[in-house]
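Sequences listed follow chains P and L, in order. If you're matching positions, the first sequence starts at 1 in our numbering and goes up one per residue. If you're matching positions, the second sequence starts at 139 in our numbering and goes up one per residue. Ideal Cβ positions, reconstructed from N, Cα and C, are used throughout, including at glycine. Here's the structure, in structure tokens; my notes come after.
There are 2 protein chains.
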Amino acid sequence: MFSIGELSRRTKVKVPTIRYYETVGLLTAPERTEGNQRRYDQAGLERLSFIKHARDLGFSIEAISSLIELQDHPDRSCQAATDIATAQLSDVRAKIKKLRALEKELLRIANGCDGDGVPEDCYVLASLANHDLCQQEH
Amino acid sequence: MFSIGELSRRTKVKVPTIRYYETVGLLTAPERTEGNQRRYDQAGLERLSFIKHARDLGFSIEAISSLIELQDHPDRSCQAATDIATAQLSDVRAKIKKLRALEKELLRIANGCDGDGVPEDCYVLASLANHDLCQQEH
DNA sequence: CATAGTATCTCTAGCGACTAGAGGTTCAAG
DNA sequence: CTTGAACCTCTAGTCGCTAGAGATACTATG
Ligand SMILES: [Zn+2]
Ligand SMILES: [Zn+2]
Ligand SMILES: [Zn+2]
Ligand SMILES: [Zn+2]
């Protein structure tokens, strides 16, 4: 049996975050001591580890909820899990694409001025004011 | 003179967002009609276009505030502008790096299961439960 | 067994950058 | 002058936490 602090140390999830996961229904409420403190078992530790890993991979709380629900219904097909992971992959790829476009523009903008002029002639400020100087849409 | 709706159409910034920018001090409060409605001039349009473009490039409200302040003080050096743009570039690059690592893991995870099994044997769920299957840190 | 110090409890509010909705007023066209 | 769209302010909600206040519980030492 672990206290919330012990669970926190083992999973590297902060204590208030663990409590937050409980309030939003991601973690089921654990047993309590007589003095009302939470006590977790091995299953609780594993569930939180799962959540942590999924969060680290960028899955939303909602997506993780669906994945956990799936785990709790072993009779269902795992299609939903693959779908969620695939959606997450597309999401990440879309973000990368956008960021790469931004990277290009920002490189041009940041390199366009040495910082030794005045705002009026600054290429950085001019580029922000005028999208026509951009090579791409964003 | 433009109404807020007209300004919204021209800049593609939503009306509530324009008002929000005013409350946080990004936009200076414009003139009002007798009936208390906002009326913007060309300068207002240009300022909002600047903000919109900077937001599209991922700059924070705070960063944009600094940039606008710089524009309003033509005697200062533009060093701060270059610094802010460079910081934004590093930020974007850091994000890309993280996302690329995630992309690799997610590709492995999503391709690991066709979705035709049960949760117990699902590679997707197993991978989320166990970081040891990952090729990288995140 | 008493005490001290740490950990835990609940509750509320704040972050960033909006977005949505309620309930009321003003504008512009016909 | 009437209609209806656009506008006004204000509050609350979004996501995923994070911080703080004030109170209580646990644990280790004397
Ligand atoms: Zn410059
Ligand atoms: Zn641009
Ligand atoms: Zn599967
Ligand atoms: Zn991993």
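| Query | Result |
| --- | --- |
| Contacts of P:V13 in chain L (Cβ-Cβ under 9 Å) | Going along chain L, no residue has its Cβ under 9 Å from P:V13, so there is no contact; the nearest lies around 13 Å. |
| Validate contact between the region 105-124 of chain P and the region 145-153 of chain L using beta carbons, cut 8 Å, 3 pairs | no |
| Contacting residues, own chain, Cβ-Cβ under 7 Å from L:A219 (five flanking each side not counted) | L205 and L208 |
| Under 7 Å from the C-beta of L:I199: neighbouring residues of chain P | By Cβ distance, chain P contributes nothing, its closest Cβ being about 14 Å from L:I199, past 7 Å. |
| Sequence-distant residues of its chain with Cβ nearer than 8 Å to P:P119 (five each side left out) | L125 |
| Per DSSP, the bridge partner or partners of L:Y178 | L:F140 |
| CA nearest to the CA of L:I199, picked from L:D259, L:E243 and L:Y159 | L:Y159 |
| Residue-level contact to chain L via CB, P:T169, 7 Å cutoff | Any property of residue 169 of chain P remains undetermined from this structure, which presents chain P solely from 1 to 138. |
| Any non-hydrogen atom of ligand 4 within 6 Å of L:C272 CB | yes |
| Test item: CB-CB of P:K95 and L:L240 under 7 Å | no |
| Alpha-carbon to alpha-carbon, L:R246 and P:Y40 | 32 Å |
| The region 183-201 of chain L touching the region 121-138 of chain P, judged by at least three CB pairs closer than 8 Å | yes |
| Three-state secondary structure assigned by DSSP to P:E31 | strand |
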